[in-house]
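Asks:
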Amino acid sequence: MTANTNDALELERLFTDLTQAITQNRTLDEFGLTRLQAITLKNVYTRIGISMSQLADTTGISRAQLTRLITTLEKRDLVERRHNEDNRRVVNVYGTEHGKNVIREHSQLIANRIQSHTKNLSPAEQTALTHHLREAIRLMVKAGIITPDDQSPLNQIRKDQPK
């Protein structure tokens, strides 16, 4: 095997480990959300008024699957669909007050859990962890592994980092 192949395999293992660490978020059960519902909600609340087609693309699911998912979230009063005023064929998705509260509580719970884990690190190690995660994301965006759209919060990482 070549060095590039070994590097690619190591990256694959690291990405898998990181994905598992992130998706082992046990807080979703407390809110009655699936991982896909949580990802969709995050996208709706960070991209206000996102169209259904953009949301399907951003989330990485089919439009039919998204329609079912949004219907479920609407029934729970977490999101609402509205026809676009400029083009009635386009449907945009917005958060609701109840949904904003759920997202806020969920984010706070995650932050508290992260803090409970990182309290074992020194302040310098905590700063280093944040720096290295930001740098890893910046490099993944640069490599095209992550492709944030114009409204993605990941764009802030690109703006914050030196070129």
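Final position of the sequence shown in the UniProt record's numbering is 163; the numbers increase by one with none missing.
Don't be surprised by glycine CBs; every beta carbon is placed ideally from N, CA and C.
Exposed or buried, Asn92, counting other C-beta atoms within 10 Å across all chains shown (16 or more means buried)?
Replies: So Asn92 counts as buried.
Asks: Which partner residues of Asn92 appear in the DSSP bridge assignment?
Replies: For Asn92, which the question treats as bridged, DSSP gives the partners Ser51 and Arg82.
Asks: Going by DSSP, what residue range makes up the alpha helix (DSSP H) through His109?
Replies: It should be pointed out that residue 109 corresponds to Leu in this sequence rather than to His. Run containing Leu109: Glu97 to Thr118, per the alpha helix (DSSP H) assignment.
Asks: Could you tell me the alpha carbon to alpha carbon distance between Leu36 and Ala124, rounded to whole angstroms?
Replies: In a straight line, the C-alpha of Leu36 is about 34 Å away from that of Ala124.
Asks: Would the beta-carbon of Ser51 fall within 8 Å of that of Val90?
Replies: Contact: yes.
Asks: Where does Ile145 fall in DSSP's three states?
Replies: Three-state result, Ile145: coil.
Asks: Below 8 Å, can you find three or more Cβ-Cβ pairs linking the stretch 136–145 to the stretch 110–119?
Replies: These segments do not touch.
Asks: With Asn43 as the anchor, note down where its alpha helix (DSSP H) starts and where it stops.
Replies: Asn43 -> alpha helix (DSSP H) spans Arg35 to Thr46.
Asks: Cβ atoms of Thr96 and Leu78: under 8 Å apart, would you say?
Replies: Cβ atoms of Leu78 and Thr96: closer than 8 Å.
Asks: Thr40: which of Asp29, Thr58 and Phe31 sits nearest, CA to CA?
Replies: When only C-alpha atoms are compared, the closest one is Thr58.
Asks: Which residue from Leu9, Asn4, Ala8 and Glu30 puts its Cα closest to that of Ile103?
Replies: When only C-alpha atoms are compared, the closest one is Glu30.
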